[in-house]
Every structure is written in C-alpha cells, then in structure tokens.
C-alpha cells in the first residue's frame with residue numbers, strides 16, 4: 001500500500017476545519033448539500049527518524065461531533081490500518097524528503113492486524129448515541145502468537161553473491177534505476193542498486209544531489225559513510241599500503257516514491273547524475289540491479305551460505321528457520337540489536353526495519369506462515385544480531 005495520503009493534512013488544522021464548517025453551513029442554507037469530508041485523517045503519516053504522530057482522541061471526538069452537527073458525511077482515512085509490505089512504503093517531500101515507515105497505521109480505527117482501538121470504541125459510542133441502531137456484538141480479536149526467538153544460522157555477504165547475479169551493466173556514466181536495461185527493458189522500480197568503479201586516489205566525493213535516496217559508500221569493501229538528500233559530501237582516504245587502484249562502491253536505496261505533488265513523473269532513483277571526486281566526474285561504472293524480487297532470492301547460490309559464527313556485519317543476508325508446530329497465528333517481528341534492512345518470509349518481502357524508529361515491530365500475518373519450517377532471510381545493511389524476536393503486540397513508537 002503505497003502512501004496515498006502523503007499530502008493530507010491533520011484534522012487538528014483548525015483553520016481548515018473552520019473553512020469546511022463554514023462551507024457546510026453555507027451549503028446547507030442554500031440547499032446545495034450534502035457535504036462530504038472525503039479524507040478525514042486521525043493523524044499524520046509516520047516517517048523514519050521522526051517522532052510518532054499522535055492526536056488527542058478528545059480532539060478527534062470534538063471535530064467529528066462538530067461535523068455531524070453541520071450534517072457532514074465523512075470518510076475515515078484510514079478506517080482499517082494497513083501495511084506497506086515490501087518496498088511499497090511511499091515518501092513525502094514538504095520541507096525535506098521523508099521516507100514512510102512500513103506500517104500504514106495512520107491513526108486508523110482498526111489496527112493493521114484488525115484489532116479495535118480506543119478511537120474505534122469512542123466513535124462507536126458517538127455514532128450510536130443519536131441513532132436507533134443497536135450496538136452489535138463485536139467479533140473477538142484474532143489470536144496472536146509470541147513465537148520463541150530464532151537464531152540466524154547462516155550468512156552470505158552481498159559482495160560474495162555479485163558473480164551469481166544477472167550480468168552487470170557497464171556504462172561510462174551513472175544510470176538511474178528506471179533507465180536500467182532489466183525486466184524486459186522496463187527498468188527497475190524498487191529495491192537497491194549498486195554502482196562500482198575504480199579510483200586511484202582519495203579526495204572529496206560529492207554527489208551534488210544526484211543520490212536518490214540513500215547511498216552507502218564503500219572503499220575496498222570497507223564502509224566509509226552515507227550520502228543522501230541532506231549529506232552530499234564525503235572524504236575518501238587512501239591509506240599507506242593500499243593498492244594503486246581502489247574499488248569504490250555505492251549502494252543506493254530507493255526509500256520510497258512520492259505519492260503526490262508536481263514531481264511524480266520526474267522522480268528518478270539511484271544515481272540520477274554524475275558523482276564527483278575532487279570535482280572530476282567519475283566514469284566507467286559496473287551497475288548491479290538489486291531489486292530483491294523473489295527470483296533474486298531464489299537463485300542457486302552454491303557454497304555461498306556459511307555459518308554465522310562471529311556476528312558478521314552487512315551488507316549481507318542472514319538465514320534463520322522458524323518452526324511452527326500448529327496452525328500459524330498473527331505475530332510481530334522485533335529486530336532488537338539489528339540496524340537497518342529488509343525481512344523476507346518464505347520468499348515474500350515483509351518490509352523495512354530501521355533502528356532509528358519510530359516503528360519498532362513489523363506485522364507478520366498468519367497467512368504468510370505455514371506449519372512446519374518457515375524460512376526467514378534478513379538483508380542487513382550494517383550491524384546485525386544473532387536473534388530475531390517475536391511478540392504478540394505491535395509497537396509503532398511514542
């Protein structure tokens with residue numbers, strides 16, 4: 001569910017509500033009604049690295065009562081919370097680029113796993129009061145499970161699997177995701193993309209705003225820093241004893257596409273222009289498409305998985321097995337001790353996690369699981385943990 005509401009304002013915007021109520025009163029007086037509030041949001045969207053947005057339920061009740069007094073109709077957005085599974089989390093760009101979290105909670109009356117919220121009960125009471133419709137018996141919440149933690153048994157580095165991927169594309173200049181000659185000529189839409197070139201000296205690496213959206217920079221496989229929408233410069237140091245030629249790699253993540261605004265059709269991901277070393281544009285790139293579709297994960301990788309004995313660091317893939325002896329139930333994954341990455345359950349992309357929050361758990365629906373063996377693959381960009389934890393409740397931040 002890509003972020004379709006990135007441009008929506010909060011209902012606490014008193015000036016907006018005032019204008020709408022004035023319009024409602026005017027329409028009612030002229031007999032032009034009915035008036036419809038098409039997108040009534042209980043809160044603003046949540047972005048990675050930002051505090052969780054929460055509104056006072058009493059304010060929401062006050063707003064809705066006022067709309068009902070003016071004979072408004074209204075559409076709750078969202079009534080049932082959703083999930084940005086896979087790479088479907090969108091983005092917003094008001095003052096700064098803001099990637100949206102995996103949960104599409106949006107202050108919905110029902111959570112993404114279908115549980116009732118305090119707001120649901122409040123509105124049920126509010127709507128029941130002026131009507132003759134009796135309260136119906138609510139179904140019981142679906143049972144949820146707290147599975148035992150599982151350990152990641154195997155690991156493979158991203159660099160080790162490059163020879164097994166589809167043939168890299170060679171280009172004299174950077175090529176964006178959309179311009180890649182992959183997917184039957186349709187380009188790449190989501191995921192990551194890796195740019196590799198050779199340099200002979202250190203210096204000031206400058207992106208000049210051409211990295212969309214977040215690029216990890218590696219020199220001879222060693223992480224040296226991040227370039228993104230805010231940081232566009234990085235010092236590369238060639239140490240004594242280094243080889244004459246250094247391999248420079250930039251792993252760029254598409255963190256989410258815009259859902260509204262004038263720049264939708266112009267938006268491109270990856271390296272969207274030249275990147276410079278001491279003001280000289282770099283040339284001769286090898287480019288790898290890392291869309292992480294099922295075929296990407298299901299390829300034959302002989303002798304690449306190795307025991308994860310010493311808590312290796314990313315970027316790389318970690319494999320764990322969850323065994324379920326009975327009928328699977330909804331659960332939530334908690335990646336305590338991990339840093340940033342993506343989780344795959346039985347080959348399906350569950351979504352992104354990031355320790356900067358606010359979201360702390362990922363909803364894992366029961367239909368994604370099966371009785372018996374379940375394969376969990378984690379793509380971790382930085383520091384990993386051996387353990388993947390489960391809980392029976394969500395934690396989306398404070």
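Residue numbers (full-length UniProt numbering): 1 to 398.
Glycine included, each C-beta is placed from N, C-alpha and C at the ideal position.
Note to self: For a test of the three-state rule: what should DSSP assign to residue 161, helix, strand or coil?
What the structure shows: Correct three-state label for residue 161: helix.
Checklist line | Straight-line Cα distance separating residue 110 from residue 38 | finding: Cα-Cα distance, rounded: 18 angstroms.
Margin query: Just to confirm, is the Cβ distance from residue 98 to residue 50 under 8 angstroms?
Written below: The Cβ atoms of residue 98 and residue 50 lie closer than 8 angstroms to each other.
Next item on the list: Locate the alpha helix (DSSP H) running through residue 72, then write down its first and last residues.
Entry: Note, residue 72: premise wrong, no alpha helix (DSSP H); beta strand (DSSP E) at 72-76.
Next item on the list: Could you check if residue 173 is buried or exposed, using at least 16 other CB atoms within 10 Å of its CB as the buried criterion?
Entry: With fewer than 16 other Cβ atoms within 10 Å, it is exposed.
Notebook entry, point to check: Are the beta-carbon atoms belonging to residue 206 and residue 232 less than 8 angstroms from one another?
Noted result: Going by C-beta atoms, residue 206 is nearer than 8 angstroms to residue 232.
Next item on the list: Note down the Cα distance separating residue 152 from residue 255, rounded to an integer number of angstroms.
Entry: If I take the Cα positions, the gap works out to 26 angstroms.
Check: Are there three or more Cβ pairs, one per stretch, closer than 8 angstroms when the stretch 324-337 is compared with the stretch 142-151?
Finding: Contact check between the stretch 324-337 and the stretch 142-151: three or more CB pairs, one atom from each, fall below 8 angstroms, which counts as touching.
Check: What's the call for residue 310, buried or exposed, on a 16-neighbour Cβ count within 10 Å?
Finding: Exposed, by the Cβ-count rule.
Item checked: Cβ shell of residue 283 (< 6 angstroms), same chain only, five flanking positions each side left out -> Within the same chain, residue 283 has close Cβ partners 172.
Checklist line | Test item: CB-CB of residue 216 and residue 380 under 8 angstroms | finding: Contact: no.
Notebook entry, point to check: In terms of residues, what are the limits of the beta strand (DSSP E) holding residue 40?
Noted result: 35-40 is the extent of the beta strand (DSSP E) around residue 40.
Checklist line | Three-state secondary structure (DSSP) of residue 122 | finding: Helix at residue 122.
Next item on the list: Decide if residue 265 is buried, meaning its Cβ has at least 16 other Cβ atoms within 10 Å, or exposed.
Entry: Residue 265 counts as exposed, since fewer than 16 other beta carbons sit within 10 angstroms of its beta carbon.
Next item on the list: Please state whether DSSP places residue 229 in a helix, a strand or coil.
Entry: DSSP places residue 229 in coil when its eight states are reduced to three.
Item checked: residue 151 - partner residues in DSSP beta bridges -> Looking at the DSSP output, residue 151 shares a beta bridge with 387.
Checklist line | residue 476, DSSP secondary structure in three states | finding: The structure shown does not extend to residue 476, since the chain is modelled only from 1 through 398, so no value can be given for it.
Notebook entry, point to check: In this structure, does DSSP put residue 95 in helix, strand or coil?
Noted result: The DSSP-derived three-state label of residue 95 is coil.
Check: So the beta strand (DSSP E) residue 286 belongs to, where does it begin and stop?
Finding: That run of the beta strand (DSSP E) goes 285-290.
Notebook entry, point to check: So what does DSSP say about residue 166, is it helix, strand or coil?
Noted result: The three-state secondary structure of residue 166, taken from DSSP, is coil.
Margin query: Less than 6 angstroms between C-beta atoms, sequence neighbours within five positions excluded: which residues of the same chain meet that for residue 423?
Written below: Shown here, the chain extends from 1 to 398; a query on residue 423 therefore has no answer.
Next item on the list: Pick helix, strand or coil for residue 180, following the three-state DSSP scheme.
Entry: Coil at residue 180, not helix or strand.
Margin query: Given a cut-off of 8 angstroms on the beta-carbon distance, is the pair residue 250 and residue 168 in contact?
Written below: At the C-beta level, residue 250 and residue 168 stay beyond 8 angstroms of one another.
Check: Would the stretch 193-202 and the stretch 87-94 be scored as touching if the rule is three or more Cβ pairs under 8 angstroms?
Finding: No, they do not touch.
Note to self: How far does the alpha helix (DSSP H) with residue 355 in it extend, from its first residue to its last?
What the structure shows: Going by DSSP, residue 355 is part of no alpha helix (DSSP H) at all; its letter is neither H nor E.
Item checked: residue 63 versus residue 79: straight-line alpha-carbon distance, rounded -> One C-alpha to the other measures close to 16 angstroms.
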